[in-house]
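Below: the structure, in structure tokens.
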Amino acid sequence: MKLRNVEPRFLKAYNILMDKFGLFPFTYDMAEKVLKDNYENVNEVLSKLADAGLLEKTAKKEDKRKKIYKIKPLTTEKIEKVSKDKLIGLLKQGADLIRTQVDYKVLLLFLFFKAISDKYLLKVEELKKEFEDLDEEDIYVLANEEILELYDVEGKKLYVWHEVANNPEDFINALNKIVEMNKEKLSGLDELIKRTGLPTLFENENRHIVQHLINLFSRADFSEASYDILGDAYEWTLNYFAPTKAKEGEVYTPIEVSKLIAHLVEPKDDEVILDPACGSGSMLIEQYRFAGSNPNIVLVGQERNDVTAVLAKLNFILHGINLKDAKVFIGDSLLNPKFESFIKEVKGTGKADKVVANPPWNQDGYDENTLKVNEKYKDIYMYGFPNKNSADWAWVQLINYYTEKKAGIVLDSGALFRGGKEKTIRKRFVDDDLIEAVVLLPEKLFYNCPAPGIILILNKNKPEERKGKILFINASNEYIKHPEVKKLNKLSDENIEKIAKAYKEFKDVDGFCKVVDIEEIRKNDYNLNVSLYISPIEEDEDVDLGEVYEELNKLHNEYLEKFEVVKGYLEEINGLIK
């Protein structure tokens with residue numbers, strides 16, 4: 219079935235026909251009665267659906283000129299063993315189904331609910347074999363402790379996908395009950411359910427889309443799928459919808475940029491990693507992955523948008539990260555960093571070992587008057603307040619304050635050279651030798667901004683040989699064309715490795731990176747613009763003079779031909795005037 223090529227209006231017609239006829243046959247006249255209020259050309263609708271494999275048509279026995287139509291269900295084949303490719307294929311079908319009509323977060327909710335349900339039931343079977351003497355309820359209680367609470371001990375009821383998938387009311391009640399039973403871990407999920415409009419989707423014209431989605435996910439058994447596969451699928455969905463959501467103001471950090479940050483910051487076992495602008499959690503997850511298999515690492519995030527914060531929690535769960543070791547707080551980190559007390563509980567100080575972030579670029583409204591709302595503003599913003607047009611250096615100061623070792627921050631390149639209050643703050647960072655490296659990224663990496671970003675590496679424990687110096691890396695040419703989004707570029711694994719290698723070696727490489735003494739930066743008035751210190755080497759292009767002459771000759775002949783044509787027109791016009 220070629221759903222991707224079917225316009226939403228034709229999918230809507232499919233749902234109308236499914237609602238009216240189900241899987242029973244119908245004639246053209248019957249279809250016309252149902253569709254005529256919404257579609258002028260019913261024949262076109264039926265043809266499009268047939269071409270997409272959504273409609274079966276056969277000739278009438280008594281009159282072969284007339285057709286009998288029958289709706290074909292969207293999904294039939296079961297997926298017993300879910301591989302990454304199969305799961306992404308399933309999600310692509312889901313994405314095609316909901317195009318412009320249903321919030322993409324419904325896909326994430328369904329993936330979460332189905333995957334957790336299947337994992338839970340697998341755990342139940344494993345526990346039954348391990349504890350043969352325990353009754354079923356005790357087994358459910360044990361499973362509650364290991365996965366999430368899906369069994370209601372008081373109501374003696376199990377809330378898993380296959381128990382509720384066929385009843386819309388039960389489906390919504392189950393999701394809400396799961397939130398209620400897992401208040402701390404899933405706080406905010408009830409709000410996400412409301413914001414997607416899921417409860418009303420079962421009742422309006424999109425109800426068939428939701429039912430198709432349920433049928434789609436019901437095909438797959440996620441019990442044996444690794445958390446890497448589930449996590450990758452979740453990230454794929456976020457990434458797939460990122461170009462569209464970027465136009466609406468949502469920010470998504472490309473996974474490759476998060477990987478590069480991990481290679482530069484190098485998170486390790488027994489460390490606390492903080493992201494004070496964590497979004498859907500992707501940056502933190504890449505730090506977790508870099509640290510090894512099941513690392514003993516604590517992830518802490520804060521996100522201003524409550525719904526996005528919930529997406530981060532689901533992201534952690536589907537990556538197999540225990541929510542005891544991964545906390546997401548909701549709020550404005552610049553004004554009210556809520557994570558400090560939790561970090562203090564974990565490691566004795568309120569500061570993380572390492573901090574990573576891609577905060578909103580050039581965020582306005584955070585000048586001196588605003589930032590003084592923060593009770594610790596004197597300590598956090600000790601280098602000064604930015605102007606109200608850009609909070610970039612407010613973020614850098616916040617991150618620096620909560621960093622014990624190292625930090626990696628993605629910023630707009632303008633933060634490196636803008637004057638005024640930002641220059642004053644930047645000067646203090648340079649003079650205090652807190653900046654270890656500046657990486658200029660390629661343009662068109664980010665969905666919501668074509669401009670090149672930069673990565674600023676702060677290091678409070680610089681090795682002796684790096685003190686008083688900053689490494690500038692010009693990675694503006696380190697990219698490949700994005701395989702799925704035409705206008706975008708992407709960092710390849712080779713690009714990431716090359717940049718990380720340059721950072722580790724910390725030495726000059728012609729046209730790529732340069733170690734610069736702080737004294738030189740002072741002479742340049744604290745301008746950290748990477749291209750001021752290092753520019754890519756432009757390779758001389760071999761020129762074939764014969765080919766150039768042929769091309770010039772060809773263009774000259776074309777010019778003469780067109781000139782004669784225009785000349786003829788002018789002569790005709792001149793003759794008419796006379």
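Anchor point for the sequence shown: position 146 equals 364 in the numbering used here, and the numbering is continuous, going up by one each time. Virtual Cβ for every residue (Gly too), placed ideally from N, Cα, C.
inquiry  = Shorter than 7 Å, the distance from the beta carbon of Asp743 to the closest heavy atom of the ligand MG, or not?
reply    = Looking at this structure, you won't find the ligand MG or any other ligand, since it has none at all.
query = Whose C-alpha, out of Met600, Val252, Ile717 and Ser335, is nearest the C-alpha of Ala655?
reply = Against the sequence shown, residue 655 aligns to sequence position 437. Ranking the options by Cα distance to Ala655, first place goes to Ile717.
key: Where the beta strand (DSSP E) containing Gln520 begins and where it ends   = Within the sequence shown, residue 520 is the residue found at index 302, counting from 1. Val516 to Glu521 is the span of the beta strand (DSSP E), which, as asked, contains Gln520.
inquiry  = Please return the same chain residues whose Cβ sits closer than 7 Å to the Cβ of Lys641, not counting the five positions on each side in sequence.
reply    = Residue mapping note: residue 641 aligns to position 423 of the sequence shown, counting from 1. Result list for Lys641: Tyr744, in chain order.
message = Pairs of beta-carbons, one from the stretch 565 to 580 and one from the stretch 447 to 466, closer than 8 Å: are there three or more?
response = Contact fails: fewer than three Cβ-Cβ distances are below 8 Å.
query = CB-CB under 6 Å to Ser335, same chain, minus the five flanking residues each way: which ones, in chain order?
reply = In the sequence shown, counting from the first residue as 1, residue 335 sits at position 117. Cβ-Cβ distances below 6 Å link Ser335 to Val378 and Trp379 in the same chain, with the five nearest sequence neighbours on each side left out; the list follows chain order.
query = Is it buried or exposed for Asp610, if we count other Cβ within 10 angstroms and need 16 for buried?
reply = If you number the sequence shown from 1, residue 610 lands on position 392. Counting of Cβ neighbours within 10 angstroms places Asp610 among the buried residues, the total reaching 16 or more.
Integer-rounded CB distance, given that Leu308 should sit under 8 Å from Ile316 = By one-based count along the sequence shown, residue 316 stands at place 98. By one-based count along the sequence shown, residue 308 stands at place 90. Not quite, the Cβ-Cβ distance comes to about 13 Å (not below 8 Å), so this is no contact.
request  = In the DSSP assignment, find the beta strand (DSSP E) that holds Asp630 and state where it starts and stops.
outcome  = By 1-based counting over the sequence shown, the position of residue 630 is 412. From DSSP, the beta strand (DSSP E) with Asp630 extends over Thr621 to Asp630.
key: Limits of the unbroken beta strand (DSSP E) element including Tyr287   = On the sequence shown, position 69 is the one that residue 287 refers to. Taken as a continuous stretch (DSSP letters only), the beta strand (DSSP E) holding Tyr287 covers Lys285 to Ile289.
message = Which runs of the alpha helix (DSSP H) at least 4 residues long sit entirely within the stretch 580 to 611? Give them in chain order.
response = Runs of the alpha helix (DSSP H) inside the stretch 580 to 611: 586 to 589 and 595 to 598.
query = Which one of Glu474, Glu484, Asp630 and Thr276 has the shortest CA to CA distance from Ala669?
reply = Against the sequence shown, residue 669 aligns to sequence position 451. The candidate whose alpha carbon is nearest that of Ala669 is Asp630.
query = Who are the near neighbours of Lys680 in its chain, counting only those whose CB is closer than 8 Å to its CB and skipping five residues on each side?
reply = Residue 680 sits at position 462 when you count from the first residue of the sequence shown. By the criterion of a C-beta distance shorter than 8 Å, Lys680 is surrounded in its chain by Asp651 and Glu654, once the five residues flanking it on both sides are discounted.
request  = Would you kindly report the start and end of the unbroken alpha helix (DSSP H) that includes Thr526?
outcome  = As a working mapping, residue 526 is identified with position 308 in the sequence shown. First-last of the alpha helix (DSSP H) with Thr526: Asp524 to Leu536.
ask   = Between Lys337 and the rest of its own chain, which residues show a CB-CB distance below 8 Å, the 5 nearest in sequence each way excluded?
value = The residue labelled residue 337 in the question sits at position 119 within the sequence shown. Around Lys337: Ile365, Phe440 and Ser441.
message = For Asn424 and Pro417, what's the separation of their Cα atoms in angstroms?
response = One-based indexing of the sequence shown puts residue 424 at position 206. One-based indexing of the sequence shown puts residue 417 at position 199. Roughly 11 Å separates the two Cα atoms.
query = Any idea what DSSP makes of Leu663, helix, strand or coil?
reply = Counting from one through the sequence shown, the residue named residue 663 turns up at place 445. It is coil, neither helix nor strand.
query = In the DSSP assignment, what residue or residues form a beta bridge with Phe244?
reply = Start at 1 with the first residue of the sequence shown, and residue 244 comes out as number 26. Phe244 is bridged by DSSP to Tyr287.
message = Only counting the same chain, and skipping five residues up and downstream in sequence, which positions put a Cβ closer than 6 Å to that of Asp321?
response = Within the sequence shown, residue 321 is the residue found at index 103, counting from 1. Same-chain partners within the cutoff: Thr414.
query = Is Tyr620 closer than 8 Å to Ala570 when the C-beta atoms are compared?
reply = Position 352 of the sequence shown holds residue 570. Position 402 of the sequence shown holds residue 620. Pairing Ala570 with Tyr620 gives a Cβ-Cβ distance under 8 Å.
query = Taking DSSP as the reference, what is the three-state secondary structure of Glu363?
reply = The residue labelled residue 363 in the question sits at position 145 within the sequence shown. Helix, per DSSP.
inquiry  = Which same chain residues end up closer than 6 Å to Lys266 when comparing Cβ atoms and leaving out the 5 residues on each side of it in sequence?
reply    = For the purposes of this step, residue 266 is taken as the residue at position 48 of the sequence shown. Excluding residues up to 5 positions away in sequence, Phe228 lie with their Cβ nearer than 6 Å to the Cβ of Lys266 in the same chain.
ask   = So what's Ile739 in DSSP terms, helix, strand or just coil?
value = By 1-based counting over the sequence shown, the position of residue 739 is 521. Reduced to three states, the DSSP call for Ile739 is helix.
key: Strand pairing of Cys731, partner residues [DSSP]   = Along the sequence shown, one-based indexing puts residue 731 at 513. As a beta-bridge residue in DSSP terms, Cys731 pairs with Ile691 and Val727.
task = Report, in whole angstroms, the separation of the C-beta atoms of Asn732 and Phe690, which I expect to be a contact under 8 Å.
result = Taking the sequence shown and counting its residues from 1, the one referred to as residue 732 is at position 514. Taking the sequence shown and counting its residues from 1, the one referred to as residue 690 is at position 472. For the sequence presented, residue 732 should be read as Lys rather than Asn. Yes, Lys732 and Phe690 are in contact; Cβ-Cβ is about 5 Å, under 8 Å.
request  = State the DSSP-derived secondary structure class of Asp446, mapped to helix, strand or coil.
outcome  = Here residue 446 is taken as the residue at index 228 of the sequence shown, counted from 1. Three-state result, Asp446: helix.
ask   = Looking at C-beta atoms only, is the number of pairs between the stretch 480 to 491 and the stretch 521 to 534 that lie closer than 8 Å three or more?
value = Contact fails between the stretch 480 to 491 and the stretch 521 to 534, because fewer than three Cβ pairs, one in each stretch, are under 8 Å apart.
Residues that DSSP places opposite Asp370 in a beta bridge = Position 152 of the sequence shown, counted from the start, is the residue given in the question as residue 370. Partner(s): Lys375.
task = Could you tell me whether the stretch 659 to 673 touches the stretch 425 to 435, where touching means 3 or more Cβ pairs closer than 8 Å?
result = Taking 8 Å as the limit for Cβ pairs, the verdict is that the stretch 425 to 435 does not touch the stretch 659 to 673.
ask   = Who are the near neighbours of Asp493 in its chain, counting only those whose CB is closer than 6 Å to its CB and skipping five residues on each side?
value = On the sequence shown, residue 493 is found 275 positions in, with the first residue counted as 1. Short of 6 Å from the beta carbon of Asp493, and not among the five residues preceding or following it, lie these beta carbons of its own chain, in chain order: Met501, Leu502, Gly519, Val574 and Ala575.
request  = Please report how far the alpha carbon of Gly626 lies from the alpha carbon of Pro485, in whole angstroms.
outcome  = Position 408 of the sequence shown, counted from the start, is the residue given in the question as residue 626. Position 267 of the sequence shown, counted from the start, is the residue given in the question as residue 485. Cα to Cα, the separation comes out at about 11 Å.
request  = Under 6 Å Cβ to Cβ from Pro577, same chain only, skipping five residues before and after it: list those, please.
outcome  = Within the sequence shown, numbered from 1, the residue matching residue 577 stands at position 359. Answer for Pro577: Ala495 and Trp613, listed in chain order.
Where Val766 falls, given that 16 or more other Cβ within 10 Å makes a residue buried = Position 548 of the sequence shown holds residue 766. Flag for Val766 reads exposed.
query = For Thr455, which three-state DSSP category applies?
reply = By one-based count along the sequence shown, residue 455 stands at place 237. Three-state DSSP puts Thr455 in a helix.
ask   = Where does Phe508 fall in DSSP's three states?
value = Along the sequence shown, one-based indexing puts residue 508 at 290. Three-state DSSP puts Phe508 in a helix.
Per-residue burial, Met399 [other beta carbons within 10 Å of its own, 16 or more giving buried] = Working through the sequence shown from its first residue, we reach residue 399 at position 181. Met399 is buried by the Cβ-count criterion.
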